[in-house]
Amino acid sequence: MKVKYFKDTDTLYIEFRADGIAESKDLDENTVLDMDAEGNVCAITFEHASTRTDVSRLTVEGIDR
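In structure tokens, the structure reads:
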């Protein structure tokens, strides 16, 4: 899983799996959901992230390896 924030475009990208993206769905004008061929969520993109999320704080919980 990867979380990337692009300050220059104020975009937050969260990748849940690295599988090939087969389809992207616009959830609204600033949110895109990427899915693989089986319908599994691969990633989500938030535009204007600093006004829609708390990008200044990242907390990771429950990591079990």
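For the sequence shown, the numbering used here begins at 113 and goes up steadily by one. We treat Cβ as the ideally placed atom computed from N, Cα and C, and that holds for glycine.
In chain order, what residues of the same chain lie with their CB nearer than 7 Å to the CB of residue i, ignoring the 5 residues before and after it?
| i | result |
| --- | --- |
| V153 | F128, L145, M147 |
Leaving aside the five residues before and after residue i along the sequence, list all residues of the same chain whose C-beta is less than 6 Å from its C-beta, in chain order.
| i | result |
| --- | --- |
| D122 | H160, A161, S162 |
| K137 | L145 |
| D139 | Note on residue identity: the sequence assigns Leu, not Asp, to residue 139. L145, listed in sequence order. |
| E135 | M147 |
Quick one: Cα of residue i to Cα of residue j, how far?
| i | j | result |
| --- | --- | --- |
| T157 | I175 | 22 Å |
| E173 | Y117 | 19 Å |
| M113 | T171 | 14 Å |
Determine the closest residue to residue i out of the options, with distance taken between C-alpha atoms.
| i | options | result |
| --- | --- | --- |
| D166 | D120, M113, L124, K114 | L124 |
| K119 | S168, E173, V172 | S168 |
| A130 | V172, A149, K137, E173 | A149 |
Grab me the residues of residue i's own chain with a C-beta within less than 8 Å of its C-beta, minus the 5 sequence neighbours each way, in chain order.
| i | result |
| --- | --- |
| N142 | F158, E159, H160, R164 |
Just to check, is the beta-carbon of residue i closer than 6 Å to a non-hydrogen atom of the ligand SAH?
| i | result |
| --- | --- |
| I126 | As far as ligands go, the structure on display features none, and thus does not contain the ligand SAH. |
Since I believe residue j is in contact with residue i (beta carbons under 8 Å), could you give me their beta-carbon distance rounded to a whole number of angstroms?
| i | j | result |
| --- | --- | --- |
| V115 | I126 | 5 Å |
### Query
Taking only runs of the beta strand (DSSP E) that begin and end inside the stretch 138-167, which ones reach a length of at least 3 residues, in chain order?
143-147, 153-159
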